[in-house]
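So in full-length UniProt numbering, spot 17 of the sequence shown is number 17, and the numbers just go up one at a time. First up is the structure itself, then whatever we jot down about it.
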Amino acid sequence: MNTFHTSILSLALLVVSASLCNREQFVLFDKTFTFTKAEADNSKPSPSHVYVKGEMLNAERPQDWTSPVDYRNGTVHVRLEVLEKPVGGEPTTWSVCYIPNKRQNGGYGCIGTDVYQEAGVYEKDVDMTKFWQNDGIVWSEGIKEMHLVIKDNSGGQGHAHKRPDHEKFFPTKVRMTLIQVSEGAKYDPTLVPNFGPATQNRKQSSE
Numbered sequence: 001m002n003t004f005h006t007s008i009l010s011l012a013l014l015v016v017s018a019s020l021c022n023r024e025q026f027v028l029f030d031k032t033f034t035f036t037k038a039e040a041d042n043s044k045p046s047p048s049h050v051y052v053k054g055e056m057l058n059a060e061r062p063q064d065w066t067s068p069v070d071y072r073n074g075t076v077h078v079r080l081e082v083l084e085k086p087v088g089g090e091p092t093t094w095s096v097c098y099i100p101n102k103r104q105n106g107g108y109g110c111i112g113t114d115v116y117q118e119a120g121v122y123e124k125d126v127d128m129t130k131f132w133q134n135d136g137i138v139w140s141e142g143i144k145e146m147h148l149v150i151k152d153n154s155g156g157q158g159h160a161h162k163r164p165d166h167e168k169f170f171p172t173k174v175r176m177t178l179i180q181v182s183e184g185a186k187y188d189p190t191l192v193p194n195f196g197p198a199t200q201n202r203k204q205s206s207e
């Protein structure tokens, strides 16, 4: 084989390799936003919710999360960068809910960020088969939107807007990023653009 053909073959292998590598994970959404008490009160249809849909979701996300690449049995890397938070160190968390194109059982499923008390970067890996109501979604039909819900650390109904001391939660500014990782693969932060160093704290956990 001559040098020209060898170079073409090498280039083709690199392209295939890059393509396969990129299929191991994808960014579902990457959203930076400020959330005020007024916005939480007036969020429709549900208070304390931030709705991530339409152009805010990755348009190239797969329709089928089970095949040809299996994300349903993989993991999700949750990266929460808390940019601004009221003083006082009130424990805060976010429920992050997958809203499917086709429902079953409960009809949607939610993961949660770690509880945090101050600004910083908080990261965790969550098994896609172990979070709350993960079987309420027909994964072969894909995801149409995501709901982000700010809460205290008292449990599922601890919506921050209901607290009499709501000033401990609002206003806040965060950047939240979800990276879906296929079965058998490992999250690679070098494949995600525009991740700078942590602002103050960086915490890594897994579930």
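We put the beta carbon where it would ideally sit given N, CA and C, even for glycine. Note that the coordinates shown come from a computational prediction; the quantities given were computed from them, not determined experimentally.
Quick check on the DSSP output: the alpha helix (DSSP H) that includes residue i runs from which residue to which?
i: Asp-41; result: 37-42
For residue i, does the three-state DSSP call read helix, strand or coil?
i: Trp-139; result: helix
i: Lys-53; result: strand
i: Thr-129; result: coil
i: Thr-190; result: helix
i: Lys-151; result: strand
i: Lys-162; result: helix
i: Arg-23; result: helix
i: Lys-85; result: coil
i: Glu-60; result: coil
Is there a Cβ from chain C that is less than 8 angstroms from the Cβ of residue i?
i: Tyr-122; result: Of the chains in the structure shown, none is chain C; there is only one protein chain.
Can you name, in chain order, every residue of its own chain whose Cβ lies under 7 angstroms from the Cβ of residue i, other than the five neighbours on each side?
i: Cys-21; result: Legend: pLDDT at Cys-21 = 45, less than 50; position of this residue unreliable, no value from coordinates given.
i: His-147; result: His-49, Tyr-51, Cys-97 and Ile-99
i: Val-126; result: Thr-75, Val-76, Val-78, Ile-111 and Glu-207
Residues in its own chain within less than 6 angstroms of residue i by CB, not counting five upstream and five downstream?
i: Gln-133; result: Gly-106 and Gly-109
i: Ser-140; result: Asp-64 and Thr-66
i: Asn-101; result: Glu-141, Gly-142 and Lys-144
i: Glu-90; result: Lys-168
Would you give the residue range spanned by the beta strand (DSSP E) that residue i belongs to?
i: Trp-94; result: 93-100
i: Gly-109; result: 109-112
For residue i, I'd like the list of residues in its chain whose CB is within less than 8 angstroms of its CB, leaving aside the five on either flank, ordered along the chain.
i: Arg-103; result: Gly-136, Ile-137 and Val-138
i: Asn-58; result: Phe-26, Val-27, Leu-28 and Phe-29
Taking the DSSP output, what are the residues bridged to residue i?
i: Phe-29; result: Leu-178
i: Tyr-116; result: Thr-92
i: Glu-183; result: Bridge partners of Glu-183: none, in fact.
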